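Which chain is which? The protein sequence lines are A and B, in order.
For the first sequence, the UniProt record's numbering begins at 1 and goes up steadily by one.
For the second sequence, the UniProt record's numbering begins at 1 and goes up steadily by one.
Ideal placement from N, C-alpha and C gives every residue a C-beta, glycine not left out.
None of these values were measured; they are calculated from a predicted model.
In what follows, a single structure is set out as structure tokens and then discussed.
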Amino acid sequence: MDWDTLQNFASNIVFSILLFAMIIYWISLSFFKLNTNIVQIGRISSLFANGLLFLILASRWIVAGYFPLSNLYESLLFLTWTLLTIYLYVETKTRSKLMGAVLIPVALLITGFANLTLSPEMQKASPLVPALQSNWLMMHVSMMMLSYATLIMGSLLSILFLVISKYQDVDLQVVDKSSVPLYNVMLDYYETKFFAQADEISELGKLKLLQSLDNWSYRIIGLGFPFLTIGIIAGGVWANEAWGSYWSWDPKETWALITWIVFATYLHARITKGWEGKRTAILGGLGFFVIWICYLGVNFLGKGLHSYGWLS
Amino acid sequence: MKQRIFKIIADLRFAIIILLLIASVSVIGTIIEQDQSIETYKLNYPIVNPVFGFLSWDRILLFGFDHVYKTWWFITLIILFGSSLLTCTILQQVPVLKVSRRCQFLRTPKQFQRLKSSSQLKKLKFTNLLARIKNTDYSLFHQKQTIYAYKGLSGRMAPIIVHLSMILILIGTIIGSLNGFKAQEIIPKTETFHIQNILSNGQITQIPKVAGRINDFWITYTKQTTINQFYSDLSILNVDGNEIDRKTIYVNSPAKYNGIFFYQTDWNLIGLRIKNSSSTFSQYPLINFGNSSNKIWITWIPTTINLDTGLVLLIDNLQGYCSLYNELGEFLGNLEVNESINTNVSFTLVDILSSTGLQIKRDPGIPLIYSGFLFLMLSTLISYITYSQIWLIQENDKIFIGGTTTRATFDFEIEFLKLIKI
């Protein structure tokens, strides 16, 4: 069995494991009476899928001789791997089932697109064109992928914020005046919702959840933003070493800048009076769509250095 | 005075609006292709049937959408952004910095109620609490019965560096556009060139009088016959035509001389040199009838004196062979360098003449821009660190403890709870 079929087989397995994990997470969210063991199954299976992805990428690196980030297929796999790694880390830190429930569907869609929609021709590793034969390839593209994954995670949490708050204006300061301690917030919210004697306690739990979501998305985007900065700068320096022009308003570069601007405004809007809560979450949610346009939309629709030229 | 206050209030919201404006306007430049000829716009955005119902070429040219990033209004937006950045840094961030470096003790228990996390303790001893705080990497300041502890001051200072490095980058860009130049030269192998084909220069640029010579140009191919790398052997010559410096450049590895960079960017085939049966050399020009990414050259060699029949030669690589076709388009075979063909007329392919395309550039703003980049990368990372402060007062047998943090409220609450746990 040659490497190509082996890798194809492995990535199909990854897809099915992620599907299984997604179902587990959604079940455990809907029926919260079940204890956390069900979630453990989901977590372990996504850990296994992540390890398998890592092996696929490593084998591609060894076989082709260069870092596995030279075409769309490899970058999609790399993105899924970083997404899963980040989600596993965040879920361990926050101990919230929401992370997996929100992120595994996205990872599933990406692997699905990579394996099922892309032709085998596009999946094959072909020799690098002269412009890509540089050490900057590793630095720039991996940093951009890492930043995309982190920012996707953060902006999904912002969208979740908007969904749970049902797009109403939320005053998050109310929670601080109460004395509800803040350990496992998920558990609190759902337990109080189920056993609540009064609606006020469940409302408080919901506000606490929203406050946590707000802070988590802030911290995650706050980490993804420096990554994006480093990625864009690495791209500029590479362009300068290759063509003498660190910025040429290429559609991909411009959209990366637009993504950077949107998340910069997200980070700054939180300090602006009256914009906390819903409006910052809208900016965060907008960031989600901007990332996808930047990553895939430009390649398929635009012309320029990064174009794959499908629709041009 | 009123104007100053106005600017302070308007600063952050103003900056956010400017940023979002810049972002939305930049989108236009990605949808409409930039810097094309007027004919391209006339073709793609006709007045009779405008794209999206309103985009016709005259409107595009009127608003400058064909060169969005060089229009006066875009540059104005960037200038506004830069000045907003500058005023924000000077007026708001530097004073905050001065305050943060002082020890801010809280003296009365009443002040504790205003803090995000506060608690009143009876069971824990003062010294136990102090030990716990010290274990979590706080800097402690002790005055009689009050304690002030903080952690992560660098996270408070880093945003200033972020703004300053962005300003540095903008200054570097301005210097580069005033003082730098960009030129392109296509030089046949073994020929000499001067920097003459200037693509862009600034208002105070001085084009250097430098001459160069391409000694050799070659392409390496992979086993799958795709291009692996382009190489040019470049010599820099002085005024008398003597060589001062010599370097082989390839894509991603430019040559540098006196602040001028020479990049390998393009290539072309210009002709075939043929020797006929009577050892006369002729050169037939090659025309590229593909596009810039799929090049294929063609020429025609007559086989009769009155030029009415001939052979068509196609070539698309520099591996040292070309393909022969007759006038019906039938493939006759490949002809390698130094190989002869013996049909009605016999000739030998002697050489394939190539030229290399160089991009020549000087940008004096690069050192500033690179240092701005470096500081921006580091400072955005350090800005992630959260700045936490904890206050303690011991009054009789009661201990009041409180704390706040700038960014990581979730993590801080857990840390705070661990501190006051019995």
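| Check | Outcome |
| --- | --- |
| Just to confirm the assignment, what range does the beta strand (DSSP E) spanning GLY310 of chain B have? | 310 to 315 |
| Between SER26 of chain B and chain A, is the shortest Cβ-Cβ distance under 8 Å, so that the two count as touching? | yes |
| Do GLN133 of chain A and GLN319 of chain B have their C-beta atoms closer together than 8 Å? | no |
| Can you tell me whether LEU278 of chain B is buried or exposed, with buried defined as 16 or more other CB within 10 angstroms of its CB? | The sequence given here has Ser at residue 278 of chain B, not Leu. With fewer than 16 other Cβ atoms within 10 Å, it is exposed. |
| Whose C-beta lies closer than 6 Å to the C-beta of ASN344 of chain B among residues of the same chain, with five residues either side of it excluded? | THR303 |
| Using a threshold of 8 Å, state whether the C-beta atoms of TYR266 of chain A and GLY277 of chain A are closer than that. | no |
| Count Cβ pairs between the segment 80 to 88 of chain B and the segment 30 to 46 of chain B that sit closer than 8 Å; are there 3 or more? | no |
| Assign GLU241 of chain A to one of three DSSP states: helix, strand, or coil. | helix |
| By the DSSP assignment, the beta strand (DSSP E) with SER323 of chain B in it spans what residues? | 321 to 325 |
| Considering only C-alpha positions, which residue in the set A:LEU223, A:PHE9, A:LEU103 is nearest to THR80 of chain A? | A:LEU103 |
| Report the neighbours of LEU381 of chain B on chain A: residues whose CB is nearer than 7 Å to its CB, in chain order. | PRO226 |
| Buried or exposed: PRO130 of chain A, going by 16 or more other Cβ atoms within 10 Å of its Cβ? | buried |
| Within the same chain, show all residues whose beta-carbon is closer than 7 Å to that of GLY236 of chain A, passing over the 5 residues directly before and after it, in chain order. | TYR246, TRP247 |
| Give every residue of the same chain whose Cβ lies closer than 7 Å to the Cβ of GLN34 of chain B, excluding the five residues on either side of it in the sequence, and list them in chain order. | ASP66, HIS67, VAL68 |
| Using DSSP's beta-bridge definition, name the partner residues of GLY212 of chain B. | B:PHE193, B:ILE236 |
| If you draw a straight line from the alpha carbon of SER61 of chain B to that of SER26 of chain B, how long is it in whole angstroms? | The sequence shown places Leu at residue 61 of chain B, not Ser. Going by the C-alpha atoms only, they are around 16 Å apart. |
| So is GLY212 of chain B buried or exposed if we call it buried at 16+ other beta carbons inside 10 Å? | buried |
| Does ALA23 of chain B get closer than 8 Å to chain A when you measure Cβ to Cβ? | yes |
| Do you know offhand how far TYR118 of chain B's Cα is from CYS294 of chain A's? | Position check: residue 118 of chain B holds Ser in this sequence, whereas Tyr was assumed. Distance between the alpha carbons of SER118 of chain B and CYS294 of chain A: 44 Å. |
| Once the 5 residues before and after LYS361 of chain B are set aside, which same chain residues still bring their CB inside 6 Å of it? | LYS182, PHE261 |
| How about LEU286 of chain B and TRP297 of chain B: are their beta carbons less than 8 Å apart? | yes |
| Between which two residues does the alpha helix (DSSP H) holding HIS163 of chain B run? | 154 to 179 |
| Comparing alpha-carbon positions, which option in B:LYS134, B:GLU395, B:THR348 lies nearest GLN389 of chain B? | B:LYS134 |
| Looking at C-alpha atoms only, which residue of B:HIS142, B:PHE52, B:TRP57 is the closest neighbour of PRO46 of chain B? | B:TRP57 |
| Can you find a CB in chain B that lies within less than 8 Å of the CB of SER96 of chain A? | no |
| CB TYR148 of chain B to CB PHE112 of chain B, shorter than 8 Å? | no |
| ILE90 of chain B: buried (16+ other C-beta within 10 angstroms of its C-beta) or exposed? | exposed |
| When DSSP labels each residue in this structure, what does GLN34 of chain B get in the three-state scheme? | coil |
| Go through the segment 108 to 178 of chain A residue by residue and report every complete run of the alpha helix (DSSP H) that reaches 4 residues or more, in order. | 120 to 123, 136 to 164, 173 to 177 |
| What residues in the segment 207 to 224 of chain B have a beta carbon less than 7 Å from any beta carbon of chain A? | THR222, GLN224 |
| Residue range of the alpha helix (DSSP H) that TRP26 of chain A falls in? | 3 to 30 |
| Determine whether the Cβ of VAL180 of chain A lies closer than 8 Å to any Cβ atom of chain B. | Its pLDDT being 47, under 50, VAL180 of chain A is placed unreliably by the model, and the measurement read from it follows with that caveat. Answer no: the Cβ-Cβ gap between VAL180 of chain A and chain B never drops below 8 Å. |
| Could you check which residue in A:TRP255, A:SER11, A:ILE230, A:VAL262 has the C-alpha nearest to that of VAL115 of chain A? | The sequence given here has Asn at residue 115 of chain A, not Val. When each option's Cα is compared against that of ASN115 of chain A, the closest is A:SER11. |
| Would you check if there are 3 or more beta carbon pairs closer than 8 Å linking the segment 124 to 134 of chain B to the segment 402 to 412 of chain B? | no |
| Identify the continuous beta strand (DSSP E) that holds TRP275 of chain A and give its terminal residues. | TRP275 of chain A -> no beta strand (DSSP E), and no H or E assigned at all. |
| Under a Cβ-count criterion, where at least 16 other Cβ atoms within 10 Å of its own Cβ denotes burial, should PRO120 of chain A be classed as buried or exposed? | exposed |
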